[in-house]
Amino acid sequence: MPCTCRFFQWLPQLDSSDFLFRRSRELFVQSKWVVLARAVFALVLVFSTLFFSDSALPGQRDPSFLSLYKISGTILGLSLVYFVWLCQEKYLYALAYTQIIIDTFIVTAIVFVTGGYHSIFTFLYLLVIIYAAMLLLAGGSFLVALASSVQYGFLIELEYHNIIAPLSENQSLALVVDQHHILYRIVIIISACFATAALSGILSLQLKTARKDLKIAQEHLKRVEKMATVDELVSGIAHEIKNPLASLSGSIQI
38 MPCTCRFFQW
48 LPQLDSSDFL
58 FRRSRELFVQ
68 SKWVVLARAV
78 FALVLVFSTL
88 FFSDSALPGQ
98 RDPSFLSLYK
108 ISGTILGLSL
118 VYFVWLCQEK
128 YLYALAYTQI
138 IIDTFIVTAI
148 VFVTGGYHSI
158 FTFLYLLVII
168 YAAMLLLAGG
178 SFLVALASSV
188 QYGFLIELEY
198 HNIIAPLSEN
208 QSLALVVDQH
218 HILYRIVIII
228 SACFATAALS
238 GILSLQLKTA
248 RKDLKIAQEH
258 LKRVEKMATV
268 DELVSGIAHE
278 IKNPLASLSG
288 SIQI
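Its first residue numbered 38, the sequence shown is counted upward by one per residue in the working numbering.
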């Protein structure tokens, strides 16, 4: 029985030139790639965590490894939910917003369990911002930048005041890092988020404009080809009419 879900149709055909239909198709294809990329990331996270946890001594295993397994399982479960939602081909914009908002919380959780202030995974915020711009243009990228900035700022502040403590850290952040350095890092991360949102938003807008211009050029080319075909047809008919008239004129002259 053939699969009716167009998730596996890698080259979907557009049967209409309507803008909303084409935008929905673009969002469908882009969301499909995002779901697949997220699942691949979860698998990479699982295997890399498994590798590093096995290489550590039994008494020295970081307790954050178990949390990373749980986060990876959560990502895979969400990817399955997104897959089913995507197969319905309904409420694609709601799906896009749901994905990017949940992903900001997932990134915050990864940053927390891998060291909080000392985590190397803060760059994941930027990846979410970039694909948000791809799905929802500049509005989506700035929304994710705002959400990421607020979450990261609260996370570091809570860690500094010893309200929460990352699993991989044994000392209070206030004892090892000066408050000015913490504020500086938060400002840097927030600036990077909004700079990435602005740049990716501009690029996504330019890409949208380029696609629109390409569509106009393709339609113009089709019209030119049709006119050329009609011109050839008219020329052929005129030629067929001209030959009998020339023969008839010659016969009359004889």
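Idealized CB from N, CA, C, for every residue including glycine.
Name the residue from the options whose alpha carbon lies nearest to the alpha carbon of residue i.
| i | options | result |
| --- | --- | --- |
| I223 | T233, T145, A202, E194 | E194 |
| S228 | A175, L82, Q67, S185 | S185 |
| C124 | F88, R62, L161, F142 | R62 |
| A232 | Q67, T135, V267, I167 | I167 |
| I239 | W122, F89, F88, G177 | G177 |
| K69 | T111, R248, W122, K107 | W122 |
| Q67 | P203, H257, S241 | S241 |
| V213 | A76, H155, V77 | H155 |
| F89 | V77, Y106, A76 | Y106 |
| V187 | I201, H217, I138 | I138 |
| R60 | D268, K249, K263 | K249 |
Compute the distance between the beta-carbons of residue i and residue j, then report whether it is under 7 angstroms.
| i | j | result |
| --- | --- | --- |
| A170 | C230 | no |
| Y197 | I219 | yes |
| A79 | L113 | yes |
| S104 | V150 | yes |
| V72 | S116 | yes |
| L174 | A133 | no |
| S109 | V83 | yes |
| T159 | I226 | yes |
| A234 | F179 | yes |
| L64 | L161 | no |
Could you check if residue i is buried or exposed, using at least 16 other CB atoms within 10 Å of its CB as the buried criterion?
| i | result |
| --- | --- |
| R260 | exposed |
| I157 | exposed |
| V144 | buried |
| S272 | exposed |
| I274 | exposed |
| L163 | buried |
| L244 | exposed |
The alpha helix (DSSP H) that contains residue i, what's its start and end?
| i | result |
| --- | --- |
| D140 | 129-150 |
| E194 | 160-197 |
| I108 | 101-125 |
| A211 | 210-213 |
Residues in its own chain within less than 6 angstroms of residue i by CB, not counting five upstream and five downstream?
| i | result |
| --- | --- |
| D293 | Residue 293 is absent from the model: the chain starts at 38 and stops at 291. |
| E126 | none |
| I201 | L195 |
Whose C-beta lies closer than 7 angstroms to the C-beta of residue i among residues of the same chain, with five residues either side of it excluded?
| i | result |
| --- | --- |
| L192 | T145, V148, F149, G153 |
| N199 | S209, A211 |
| Y119 | V72, L132, Q136 |
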